[in-house]
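In my numbering, the protein residues as written are 1 to 748.
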């Protein structure tokens, strides 16, 4: 439910830390419903989006989402300013504190614009109508003769008043009813659909932004933590005296790990507190910690993946979705193909490792963190300290990358516990090695496919099985299988018109902390699904682009319920965001039109493509590769996205480009392995991200013009990239890649 409300100055100050005068509006949002009620007075509850118009004409818009390079601190205010008719040069963006009053602040899932676009428009329109009414009252003129335009209200006779001049009178007015709240037509947009530069650009390019590691307080100390190398490990012995001999070391503190599942808690570790970061790190190195084993200390990722692969290849799992008679169709087929695919564990590896500054004083705690989820941080810190959530204030800095890692607040819990122990502010900085070795890892996956073709090469059956450790196991170890909600990410929601289809899910108990990484389970599942479609196309002797069109079938809205599948649809109603096969086929057609698909290439070169629906957007990606002996070069990447209504095209292009490069990096290099329960990789030398010489010189993106509801853009470019590259390798060499990363097979 979306509710506009007048907002008191006191409440604005409580939620933003900024004093305000003039017109204040707040909106309360529950994205599960699109209804809107207009209230005459603020209740002070569940207010999460705000606009403030000051007497000097300055407009302040609260950004309740975390900025990590996507431009969300620009895009949402851009929507308000457009409907309000504000002058963008007079708009200032304020970062919100962490508070449940904002609704969800978890900046992940590519959902910020799609969840708040409508409410931001309504709030801007309400402010515009109130300013027009204030001008009408001032002039004793009919409202119909007053129109807001570029930070002023103009009368039909030429009179005009600035927004600042009208702020106080507007603040005294009742809120307009929804029926009297017209929204702009698309043709009247000034900012929506335009390339507005991000508000943080100047500070980012001049080194003036504040990231998690940049915050400093008087009398603060520094911490570095040696953590258990395997899940559930406990401290057996250590040499505190050796650590204390290091100049600058002040204390050595044991941090006990959780008794139950890891959740968002810190893992067991030993913290060294020092007067500077270097001393803390050197003291930590002197600890010589010995660890007691746990049930996970013998985890070996190679053996684990082999076991998962044997499980999915060896027999049926729980049926998640079914239509027709797959076994009969396979038995009657003119040709049957089967293939096994696997993907490794992955780490987030943002350029900025986790960092937090915490201060505990008088039963209250303040945290400054590069967090994607300030409310989860607030709740986790409060639980760790045994205080009420209201006693914890979370300040959100800018993030030097997140990709889902920084929505887990374990690093802030560590800093808060240490600050409470030493009685001084503590700055905790994770090293790159800490980040790679103690991640919430993206799950590895084993997949098995069988497909039936008739005499004309048409697919008559699709059987798919997977075994992948579940994110839910991080919170409950009894969760050993992916259910329909996660299977909805590509694997279980394939849009194929094949008359016989079955999707199965096998168990995969987790032995490490599993978390969400940019595009989540779409990463492995798109690789398997899109690669196997390419296999079917080549087995049928067909052009893969055309074969995709045939596999998808007629334009329609998919209904999974009759096939027993509980399609999650990223938390949105299927009637609101239908799975539209026509839009999916259209992005593929546009992609093929944008490239010389079908051209004759020299030996060792090839094109490959893939198409997916993720986060309610439709994306098709094509890759051109060159293989020279053992060397693989990706020469071109092309992407097409249909993300519905686009607020800021430049940001969408950037996110699609970034998503494809992220997918390229994972495809080429991404692999975390475990031996004796511990991650074997530690830094960019053995967990490399794509370097400039690995990124194609040609990267092109195309946005489909659409009036559909806004959909996600931060993640959808990732899933189709890896299979498009693997399919291009097959086109170039005839070698089918069924296991990532590509560095296992080529010099990349």
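In this text, a Cβ means the ideal position worked out from N, Cα and C, and glycines have one as well.
Item	Value
What are the residues that DSSP puts in a beta bridge with residue 147?	154
Using a Cβ-Cβ cutoff of less than 7 Å, which residues in the same chain neighbour residue 146 once the five nearest sequence positions on both sides are dropped?	132, 135, 136, 153 and 155
How many Å lie between residue 349 and residue 388 at the Cα?	33 Å
By Cβ distance below 6 Å, which residues in the same chain neighbour residue 440 in space, the five residues on each side in sequence not counted?	408, 513 and 515
Taking DSSP as the reference, what is the three-state secondary structure of residue 504?	strand
In angstroms, rounded to a whole number, what distance separates the CA positions of residue 731 and residue 187?	45 Å
List in chain order: all unbroken beta strand (DSSP E) runs of 3+ residues lying wholly within the stretch 158 to 205.	160 to 162
Considering only the alpha carbon of each residue, which of 661, 671 and 341 lies closest to residue 700?	661
Compare the C-alpha of residue 324 against each of 118, 518 and 496 and name the closest.	496
Do you know offhand how far residue 740's Cα is from residue 588's?	24 Å
Residues in its own chain within less than 8 Å of residue 243 by CB, not counting five upstream and five downstream?	249, 252, 272, 283, 284, 286 and 287
Relative to the C-alpha of residue 726, which residue among 742, 714 and 715 is closest?	742
For residue 66, count neighbouring C-beta atoms within 10 Å of its own C-beta (all shown protein chains included) and say buried if the count is 16 or more, exposed if not.	buried
When DSSP builds the beta bridges, which residues end up paired with residue 448?	340 and 465
How would you label residue 474, buried or exposed, when you count the other beta carbons within 10 angstroms and need 16 or more for buried?	buried
Determine, using beta carbons only, whether residue 674 and residue 301 come nearer to each other than 8 Å.	yes
Give every residue of the same chain whose Cβ lies closer than 7 Å to the Cβ of residue 71, excluding the five residues on either side of it in the sequence, and list them in chain order.	198, 648 and 651
Within its chain, find whatever has a CB closer than 8 Å to the CB of residue 509; leave out the 5 residues flanking it on each side and keep chain order.	469, 473, 477 and 480
Just verifying my parser: in three-state terms, what is the DSSP assignment at residue 438?	coil
In the structure shown, what three-state DSSP assignment does residue 30 receive?	The predicted model places residue 30 with a pLDDT of 38, which falls under 50 and marks its position as unreliable, so this point remains unresolved.
Which residues share a DSSP beta bridge with residue 61?	51 and 93
From residue 744 to residue 126, what distance separates their C-alpha atoms?	57 Å
Rounded to whole angstroms, what's the CA-CA distance from residue 241 to residue 341? Just pull it up for me.	51 Å
Our contact map puts residue 306 next to residue 677 with C-beta atoms below 8 Å; I'd like the distance itself, whole angstroms only.	Residue 306 to residue 677, Cβ: 17 Å. No contact.
At the level of alpha carbons, what is the spacing between residue 426 and residue 734?	56 Å
In angstroms, rounded to a whole number, what distance separates the CA positions of residue 729 and residue 626?	8 Å
What do you reckon, are the CB atoms on residue 278 and residue 229 nearer than 8 Å?	no
Please name the residue, chosen from 380, 400 and 424, that lies closest to residue 412 on a Cα-to-Cα basis.	380
Can you grab the Cα-Cα spacing for the pair residue 400 / residue 704, in whole Å?	29 Å
The beta strand (DSSP E) that contains residue 253, what's its start and end?	249 to 255
Looking at the strands, I want to know which residues DSSP matches up with residue 641.	619 and 703
Once the 5 residues before and after residue 566 are set aside, which same chain residues still bring their CB inside 6 Å of it?	484
Do the stretch 106 to 119 and the stretch 362 to 375 make contact, defined as three or more Cβ pairs closer than 8 Å?	yes
Give me the residue from 464, 423, 364 and 632 with the minimum Cα distance to residue 530.	464
In the DSSP assignment, what residue or residues form a beta bridge with residue 624?	607 and 636
Does the stretch 712 to 726 come close enough to the stretch 602 to 619 that 3 or more CB-CB pairs lie under 8 Å?	yes
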